[in-house]
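These notes are about the structure you will find just below.
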Amino acid sequence: MSLVTSTETAITACRNTKLYSVQGSGDSSGLSTQMFGSDKHKPRCITDSYSSKSYEKFFVGSPSEELMHPSSSDVSESSIRQQDVSSYQPRDYLEVQSADTLDDDTDKMKLMLQELERDLLGDNDDVGDMFGTGLNMEIDGEWSGPVRTEPIHEPPKESSSSESNLSSISSNKEASHFSSRTPKQMLIECAAVLAEGNIEGASAIINALRQLVSIHGDPPQRIAAYMVEGLAARVAASGKYLYKALRCKEPPSSDRLAAMQILFEVCPCFKFGFMAANGAIIEAFKDEKRVHIIDFDINQGSQYITLIQSIAKLPGKPPHLRLTGVDDPDSVQRLNGGLQIIGLRLEKLAEVLGVSFEFQAVASRTSLVTPSMLDCRPGEALVVNFAFQLHHMPDESVSTINQRDQLLRMVKSLNPKLVTVVEQDVNTNTSPFFPRFIEAYSYYSTVFESLDVTLPRESQDRMNVERQCLARDIVNIVACEGEERIERYEVAGKWRARMTMAGFTSCPMSPNVIDMIRKLIREYCDRYKLKEDLGALHFGWEGKSLIVASAWR
């Protein structure tokens, strides 16, 4: 079997792998142990009518119901500031635990007054028109209308019949103002007034938005439903606690892991990123007898299930594969039993397929990992895989320690044969709040739109993906600052600069990998796009780049 064929096998295996099914989604099997099967969630273009279901608020069980479920838009700044941030709880469809199960971290939220901008890593990368469609990140006409920054509510006065009539007229004018604007326009208006410190004005817009949006609606309604709650969490200074609740449900449940798997299946841009990384790794296996892969975030191991399947079909005797996974105490895997469970699953698969395989988990925070902990051995070809992980490492804008670049330099010191990087192609790292909000809206709107044409509007799988995978990221990006903001994505140009400064050189994806992925893209909806740029592969939806995959040596 040729190397071209083995690369095609690797990519095809990644496409066909299905590990999990979501409970309540029509598949009663729950957390499936099936490792092979048809691609149930293969995207298909769908058109249907918008749902008319009403929007359920995110927050219940709070001591301050008037804040979370206001009967009118009259919310005062004092009532917001009196809210206990630890009691700020989402609705049950966000699958969070109660506040009393979180840690007792009651220190005040540290809001950074200004993000440290680095001249060398400036935020001028233009990724909006990656696919040559004329689309870019400029604010379009719908966003460019006048923004109200004045307080919407006057200070309370003694009531009288005439003043009551005036108040009624004012309320009608306010309602008319909101009713004439789209949720998208209201979101940008809310973010603008919040960026200027107008808490009362932002709260009024939030309350009005909650009456207009729905997690069951069209993509603009759904993205607005989640982003408005990120704004509400920011107003209540509870984004940190809400994000921790979303991350730390105990245990994270099969639904959480299933939703992550389905996201990779139904939004192929994520899946293509894994395919590209696997294809590059398979290419690096050529003529090697022993291979050691280090992964700092294995997730549920689906990438390595397809990789093991591919190794089993390589011509001749397959190389011995040793996989080291970092078992970070904050990871989903640690909460769900640790990487040992995933390692056992991979070992059983390798045994069935006749692949010589061993697995080890390194119990340590990623920032504390040292070369000696990784047990690199002479005679092994070393590969390091960073798939959707590096953006979680704080950089120079958060701390002078700069864990992000520190990790890359440590990996370079290992002298790896190949390093693969897969990340979301958007800047939520160093941008100040307002431009970060706009960019996050543009990015996640595209993701939601792509989900809308690959899964039916009423699909439980779609709702699980959005609430369990995307909602927590949106809340963290919008509501949190400083070291509490964990989801710090960067665009391709930033990663290229970081990798170069760490001493790596670009290793363009081979034509074999690119050709095989192009063939698969044609089998999906034709609105998915692939573009090669400076050695990296950009996967996108129409004119928007969503995922970028690159290889380095």
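414 is the number that my numbering gives to position 428 of the sequence shown; each next residue is one higher, with no gaps.
Even for Gly, the Cβ is constructed at its ideal location relative to N, Cα and C.
Quantities reported herein were computed from a predicted structural model and do not represent experimental measurements.
**Message:** Judging by CA-CA distance, which residue of Gly521, Glu509, Leu506 and Ala478 is the nearest neighbour of Pro494?
**Reply:** Minimum Cα distance to Pro494 is reached at Gly521.
**Request:** Identify the continuous beta strand (DSSP E) that holds Asn371 and give its terminal residues.
**Result:** Where Asn371 is concerned, the enclosing beta strand (DSSP E) stretches over Ala367 to Ala373.
**Request:** For the beta strand (DSSP E) holding Gln197, just list the boundary residues, first then last.
**Result:** Neither: Gln197 is in no beta strand (DSSP E) and is coded neither H nor E.
**Prompt:** Considering only the beta carbon of each residue, do Tyr430 and Leu456 sit closer than 8 Å?
**Reply:** Going by C-beta atoms, Tyr430 is nearer than 8 Å to Leu456.
**Message:** Taking a contact to mean a Cβ-Cβ separation below 8 Å, would you say Ala367 touches Ala537 in this structure?
**Reply:** Going by C-beta atoms, Ala367 is not nearer than 8 Å to Ala537.
**Request:** For my contact list, Cys176 and Leu195 are in at a C-beta cut-off of 8 Å; report their separation, rounded to the angstrom.
**Result:** The Cβ separation is near 7 Å, so the contact holds.
**Prompt:** Per DSSP, Tyr514 forms a beta bridge with which residues?
**Reply:** Within the DSSP bridge table, the entry for Tyr514 names Trp527 as partners.
**Prompt:** According to the neighbour-count rule (16 or more other Cβ atoms, all chains shown, within 10 Å of its Cβ), is Ile472 buried or exposed?
**Reply:** Counting Cβ neighbours within 10 Å, Ile472 comes out buried, since at least 16 surround it.
**Request:** Report the three-state DSSP secondary structure of Leu276 (helix, strand or coil).
**Result:** Note that residue 276 is Arg in the sequence shown here, rather than Leu. DSSP places Arg276 within a strand segment (E or B) once states are collapsed to three.
**Request:** Could you tell me if Leu217 is buried or exposed, where buried requires 16 or more neighbouring beta carbons within 10 angstroms of its beta carbon?
**Result:** Its Cβ being crowded by 16 or more others within 10 Å, Leu217 is buried.
**Prompt:** Would you call Ala349 buried or exposed, if buried means 16 or more other Cβ atoms sit within 10 Å of its Cβ?
**Reply:** With fewer than 16 other Cβ atoms inside 10 Å of its own Cβ, Ala349 counts as exposed.
**Asked** Residues in its own chain within less than 8 Å of Val369 by CB, not counting five upstream and five downstream?
**Response** Exclusion of the five residues before and after Val369 leaves Ile267, Ala270, Val277, His278, Ile279, Ile280, Pro402, Lys403, Leu404, Val405 and Thr406 as the residues of its chain whose Cβ lies within less than 8 Å of its Cβ.
**Prompt:** Which value, in whole angstroms, describes the spacing of the CA atoms of Lys170 and Ser385?
**Reply:** C-alpha separation (whole angstroms): 34 Å.
**Thr310: first and last residue of the uninterrupted beta strand (DSSP E) it sits in** = Start and end: His306 to Val312.
**Message:** Taking 8 Å as the threshold (C-beta atoms), are Gly259 and Ile533 in contact?
**Reply:** With contacts defined by Cβ atoms closer than 8 Å, Ile533 and Gly259 form a contacting pair.
**Item:** Gly12, DSSP secondary structure in three states
**Value:** Any reading at Gly12 needs caution, since the residue's pLDDT is 39, under 50, leaving its predicted position unreliable; the model's value is listed next. Here Gly12 sits in coil by DSSP.
**Asked** Do you know offhand how far Gly529's Cα is from Lys515's?
**Response** Rounded to whole angstroms, the gap between the alpha carbons of Gly529 and Lys515 is 8 Å.
**Prompt:** Excluding the five sequence neighbours on either side, which residues of its own chain have a C-beta within less than 8 Å of the C-beta of Thr491, listed in chain order?
**Reply:** Scanning its chain for C-beta atoms nearer than 8 Å, with the 5 sequence neighbours on each side dropped, one finds around Thr491 the residues Trp538 and Arg539, in chain order.
**Test item: CB-CB of Asp391 and Arg484 under 8 Å** = In contact: Asp391 and Arg484 (Cβ atoms closer than 8 Å).
**Asked** Excluding the five sequence neighbours on either side, which residues of its own chain have a C-beta within less than 6 Å of the C-beta of His306, listed in chain order?
**Response** Only Arg276 and Ser342 meet the Cβ criterion.
**Message:** Between the alpha carbons of Asp501 and Ser428, how many angstroms are there, rounded?
**Reply:** Using only the alpha carbons, I get a separation of about 29 Å.
**Enclosing beta strand (DSSP E) for Thr416 [first to last residue]** = First-last for Thr416: undefined, no H or E at that position.
**Message:** Looking at Glu344: is its Cβ nearer than 8 Å to the Cβ of Arg308?
**Reply:** Contact flag set, yes.
**Message:** To the nearest angstrom, how far is the alpha carbon of Ser189 from that of Met213?
**Reply:** Cα to Cα, Ser189 sits roughly 14 Å from Met213.
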